[in-house]
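Q: Just passing along the structure, written as structure tokens.
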Amino acid sequence: MINGELVVDNFAGGGGASTGIEMATGYSVDIAINHDPEAIRMHKVNHPNTKHYCENVWAVDPVKACEGHPVALAWFSPDCKHFSKAKGGKPKDKNIRGLAWVACRWAALVRPRVIMLENVEEFKTWGPLNRGHHPIKAKQGDTFRKFVKQLNELGYEVQFRELVAADYGAPTKRKRFFMIARCDGAPIMWPKPTHAPADSEEVKAGLLKPYVGAYTQLDFSLPCPSIFDTSDEIKEKYGIRAVRPLAPKTMQRIARGLKKFVLDNPEPFIIQCNHGGDRKPQDIRDPMPTITGKHGYGVVEPYMVQIGQTGFSADRSKDVREPLTTIVSKNEHCLISPTLIQYHSETNSDEVRGQGIENPIMTVDSSNRYGLVTSFLSKFYKTGIGQDEREPLHTVTTSAGHFGEVRAFLIKYYGEGTGQDIEQPLDTVTSRDRFGLVTIQGVEYQIVDIGLRMLEPKELYGCQGFPDDYIIDHDNTGKTYSRSEQVKRCGNAVCPPIPAAMVRSNLPELCVRKRMPNMRIGEEENGQLCFV
509 MINGELVVDN FAGGGGASTG IEMATGYSVD IAINHDPEAI RMHKVNHPNT KHYCENVWAV
569 DPVKACEGHP VALAWFSPDC KHFSKAKGGK PKDKNIRGLA WVACRWAALV RPRVIMLENV
629 EEFKTWGPLN RGHHPIKAKQ GDTFRKFVKQ LNELGYEVQF RELVAADYGA PTKRKRFFMI
689 ARCDGAPIMW PKPTHAPADS EEVKAGLLKP YVGAYTQLDF SLPCPSIFDT SDEIKEKYGI
749 RAVRPLAPKT MQRIARGLKK FVLDNPEPFI IQCNHGGDRK PQDIRDPMPT ITGKHGYGVV
809 EPYMVQIGQT GFSADRSKDV REPLTTIVSK NEHCLISPTL IQYHSETNSD EVRGQGIENP
869 IMTVDSSNRY GLVTSFLSKF YKTGIGQDER EPLHTVTTSA GHFGEVRAFL IKYYGEGTGQ
929 DIEQPLDTVT SRDRFGLVTI QGVEYQIVDI GLRMLEPKEL YGCQGFPDDY IIDHDNTGKT
989 YSRSEQVKRC GNAVCPPIPA AMVRSNLPEL CVRKRMPNMR IGEEENGQLC FV
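Quick note, the sequence shown lines up with residues 509 to 1040 if you use the working numbering.
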């Protein structure tokens, strides 16, 4: 408790809202409720001081749970699937859609000073269903208005609006509906954005910080296997499994993204990466430092691509003015240009549902739909390739043998009318874009390989705004979570920076200390245990 008052998290899940509240107050929530045992166990390992109820929210008696203590804040994040447009036209479940009513129960029985609720934007359309369990269009929003009216009748002032996580420092553009209700007479305060697009007037004037890019959460030390290698070759080189060959649509997405964000990009962003792991972004307008054997330089014009959700015909690709660090390459003349793609399907065959990783990531859902694409570039000389052909591009590339495959790939997926044999010398080709030449500060570079890997759960949690110390790979008993379980809880989680901002704005008296990071116990080489 803080100042003798409780903080309660209903629908606690893996702990997004709880973590955000803790980021603001410095304390774990007092009570967390969720029906999913796996989610509760993840919550327990990160919030061990919280009292946990692994039950349906309706089965928990607020009066008994609070034991006579006053409640400062009750947070609610009811299941959103049966409101979300992502569910499409599938039948809805009346019981799941009605979970939000539990907030009124808490308001009536223990009267929290402040109630906060999060859901998808379509929550405002909450209304009755017909016999086929589909929303009645003529009555959209009826139930929502009754819900707000009941809170009003219980003595609560109610306000709601949509907030974008990127505006509060999260590397994601996830937009959600938020409601604040309070009965203590104090005004409802909506947190002011702290971040904005880098090219906005507010950022230029120094009033706001630029958006946090997805690059801040990506690990470029991980292998990013070539799209031209077979699954067996990837297994032999890196010891990992990867799906190859890629589907034609995936190859088309990669090609469109490379053309838009790499080949046609007038201002790539240089990132200096040394082999000690220090990655310092460098503005393209500054001179490139001397390239030595110690450092590798990445020319980064990455993007993230949403491959998929139906109902969107616009170009969903995003430029990348907030760059991300790149994979280190041993060859000092190698340049790396990463891209991200999200596995959905476009509604328009020509659209590029990509996004630069200088920008915050698009919404993370419960499936891992994001992949990292890297195009490896080398200095182009009319007399050679600019590197020893016997030396592979280390860590993520293969060999010089992919040069011809890259050219064939580019010709196949967006080259037209050249009739150029891919075995002919590149210097006889006049259409440089179709054959993968990129000019950087007057120097031409050639794409020598293209890699693709899926994002790791840790990267997705980082993009969702979770702190680096958040434990996602095992529960409080030590049981490990599969990758799919980790991603599922990430996609279902509230982005912590938003509840943190909301609590700071509305309950500053609870914000009494800094959050203590989670500590892990590791084992050193000598066998002794240590904190990691």
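Idealized CB from N, CA, C, for every residue including glycine. Fair warning: this is a prediction, and the values are worked out from it, not measured in the lab.
(1) I need the boundaries of the alpha helix (DSSP H) containing L617, first residue and last residue.
(2) Give me the Cα-Cα distance between S992 and L968, rounded to the nearest whole angstrom.
(3) Which of the three DSSP states is assigned to R639 in this structure?
(4) Can you name the start and end residues of the beta strand (DSSP E) that A540 belongs to?
(5) Give every residue of the same chain whose Cβ lies closer than 8 Å to the Cβ of T738, excluding the five residues on either side of it in the sequence, and list them in chain order.
(6) What's the gap between the Cα of E630 and the Cα of A520?
(7) Indicate whether P699 and S1013 have their beta-carbon atoms separated by less than 9 Å.
(8) State yes or no: is the C-beta of V618 within less than 9 Å of the C-beta of A674?
(9) Run through the region 680 to 767 for me and flag every whole beta strand (DSSP E) of 3 or more residues, listed as ranges in chain order.
(10) Under 9 Å, do G522 and C998 count as touching if we go by C-beta distance?
(11) Do W609 and N518 have their C-beta atoms within less than 9 Å of each other?
(12) According to DSSP, is S634 part of a helix, a strand, or is it coil?
(13) For K647, which residues of its own chain have a beta-carbon under 7 Å away from its beta-carbon, when the five flanking residues on both sides are left out?
(14) I believe V672 touches M687 by the beta-carbon criterion, under 8 Å. Please report the beta-carbon distance rounded to the nearest angstrom.
(15) Determine the closest residue to L1072 out of P679, F685 and A1009, with distance taken between C-alpha atoms.
(16) Run the CB neighbour count on T758, radius 10 Å, all protein chains shown included, and call it buried at 16 or more, exposed below.
(17) In three-state DSSP terms, what is F584?
(18) What did DSSP end up calling L1018 once you bin it into helix, strand or coil?
(19) Can you name, in chain order, every residue of its own chain whose Cβ lies under 7 Å from the Cβ of V656, other than the five neighbours on each side?
(20) Excluding sequence positions up to five away, which residues of its chain have a Cβ less than 6 Å from the Cβ of E626?
(21) Between H555, E546 and V537, which has its C-alpha nearest S990's C-alpha?
(22) So within the region 951 to 984, which uninterrupted alpha helix (DSSP H) runs reach at least 4 residues, ignoring any that extend past its ends?
(23) Can you tell which of A689, L963 and T702 has its C-alpha closest to the C-alpha of G677?
(24) May I ask you to list the residues that DSSP assigns as paired with L514?
(25) Going by Cα to Cα distance, which pick from K745, G747, A706 and V515 is closest to G534?
(26) Is K654 helix, strand or coil when you go by DSSP?
(27) Use the C-beta contact count for V828: other C-beta atoms within 10 angstroms, 16 or more gives buried, fewer gives exposed.
(28) Should T651 be labelled buried (16 or more other beta-carbon atoms within 10 Å of its own) or exposed?
(29) Taking 9 Å as the cut-off, decide whether the C-beta atoms of I623 and A1008 are in contact.
(30) What is the C-beta distance between V579 and H555, in whole angstroms, given that I count them as a contact (C-beta under 8 Å)?
(31) Are the beta-carbon atoms of K920 and A763 separated by less than 9 Å?
(32) Below 8 Å CB to CB, which residues in the same chain sit around R690 once its five sequence neighbours on both sides are set aside?
(33) Would you list the residues sitting across from F668 in a DSSP beta bridge?
(34) Going by beta carbon distance, what residues of the same chain come within less than 7 Å of I548, once the five residues before and after it are set aside?
(35) Where do the N-terminal and C-terminal ends of the beta strand (DSSP E) with E629 fall, by residue?
A: According to the structure data:
(1) The residue given as residue 617 occupies position 109 in the sequence shown. Counting along the chain, the alpha helix (DSSP H) containing L617 begins and ends at V610 to L617.
(2) Sequence index remark: in the sequence shown, residue 992 carries index 484 (1-based). Sequence index remark: in the sequence shown, residue 968 carries index 460 (1-based). The alpha-carbon atoms of S992 and L968 are separated by roughly 12 Å.
(3) The count along the sequence shown starts at 1 and reaches residue 639 at position 131. The answer is coil: DSSP assigns R639 none of H, G, I, E or B.
(4) What you label residue 540 is simply residue 32 of the sequence shown in a count that begins at 1. Residues I539 to I541.
(5) Translated into positions along the sequence shown, residue 738 becomes position 230. So the qualifying residues of the chain are R752 and P753.
(6) By one-based count along the sequence shown, residue 630 stands at place 122. By one-based count along the sequence shown, residue 520 stands at place 12. Between E630 and A520, the C-alpha separation is close to 21 Å.
(7) Against the sequence shown, residue 699 aligns to sequence position 191. Against the sequence shown, residue 1013 aligns to sequence position 505. Going by C-beta atoms, P699 is nearer than 9 Å to S1013.
(8) Position 110 of the sequence shown, counted from the first residue, corresponds to residue 618. Position 166 of the sequence shown, counted from the first residue, corresponds to residue 674. No. Outside cutoff.
(9) 683 to 690
(10) Position 14 of the sequence shown, counted from the first residue, corresponds to residue 522. Position 490 of the sequence shown, counted from the first residue, corresponds to residue 998. Cβ distance < 9 Å, so G522 and C998 count as in contact.
(11) Looking up residue 609 in the sequence shown gives position 101. Looking up residue 518 in the sequence shown gives position 10. Cβ distance not < 9 Å, so W609 and N518 don't count as in contact.
(12) Position 126 of the sequence shown, counted from the start, is the residue given in the question as residue 634. The question names Ser, but residue 634 is Trp in the sequence shown. In this structure, W634 counts as coil in the three-state DSSP scheme.
(13) Locating residue 647 in the sequence shown gives position 139, where the first residue counts as 1. G635 and P636, listed in sequence order.
(14) Along the sequence shown, read from residue 1 onward, the residue named residue 672 stands at position 164. Along the sequence shown, read from residue 1 onward, the residue named residue 687 stands at position 179. Not really, about 16 Å apart at Cβ, beyond 8 Å.
(15) Residue coverage of the chain in this structure runs from 509 to 1040, which leaves residue 1072 outside it and unanswerable.
(16) Here the question's residue 758 lines up with position 250 in the sequence shown. With 16 or more other Cβ atoms within 10 Å, it is buried.
(17) If you number the sequence shown from 1, residue 584 lands on position 76. Reduced to three states, the DSSP call for F584 is strand.
(18) On the sequence shown, residue 1018 is found 510 positions in, with the first residue counted as 1. Helix, per DSSP.
(19) Your numbering for residue 656 matches position 148 in the sequence shown. Excluding sequence neighbours, V656 sits near V666.
(20) Looking up residue 626 in the sequence shown gives position 118. Around E626: S585, R684, F686 and V1002.
(21) Taking the first residue of the sequence shown as position 1, residue 990 is located at position 482. Ranking the options by Cα distance to S990, first place goes to E546.
(22) 965 to 972
(23) Stepping through the sequence shown from its first residue, residue 677 is reached at position 169. Among A689, L963 and T702, the Cα nearest to that of G677 is on T702.
(24) Residue numbering aside, residue 514 sits at position 6 when the sequence shown is read from its first letter. DSSP output for L514 lists V579 as bridge partner(s).
(25) By one-based count along the sequence shown, residue 534 stands at place 26. When only C-alpha atoms are compared, the closest one is V515.
(26) Numbered from 1 along the sequence shown, position 146 holds the residue referred to as residue 654. Three-state DSSP puts K654 in a helix.
(27) Within the sequence shown, numbered from 1, the residue matching residue 828 stands at position 320. Note that V828 scores 33 on pLDDT, short of 50, meaning its location in the model is unreliable; the coordinates nonetheless yield the value given after this. With 16 or more Cβ atoms within 10 Å of its Cβ, V828 is classed as buried.
(28) For this step, residue 651 is matched to residue 143 along the sequence shown. The residue is buried, with at least 16 neighbouring Cβ atoms inside 10 Å.
(29) Here residue 623 refers to the residue found at position 115 of the sequence shown. Here residue 1008 refers to the residue found at position 500 of the sequence shown. No, they are not a contact pair.
(30) Locating residue 579 in the sequence shown gives position 71, counting from the first residue. Locating residue 555 in the sequence shown gives position 47, counting from the first residue. Not really, about 17 Å apart at Cβ, beyond 8 Å.
(31) If you number the sequence shown from 1, residue 920 lands on position 412. If you number the sequence shown from 1, residue 763 lands on position 255. In this structure, A763 lies closer than 9 Å to K920 by Cβ.
(32) For the purposes of this step, residue 690 is taken as the residue at position 182 of the sequence shown. Excluding residues within five positions, the ones whose Cβ falls inside 8 Å are R621, V622, I623, Y664, E665, I696 and N1014.
(33) Residue 668 sits at position 160 when you count from the first residue of the sequence shown. Per DSSP, M687.
(34) Locating residue 548 in the sequence shown gives position 40, counting from the first residue. Within the same chain, I548 has close Cβ partners N542, H560 and C562.
(35) The count along the sequence shown starts at 1 and reaches residue 629 at position 121. Counting along the chain, E629 falls outside any beta strand (DSSP E), and DSSP gives it neither H nor E.
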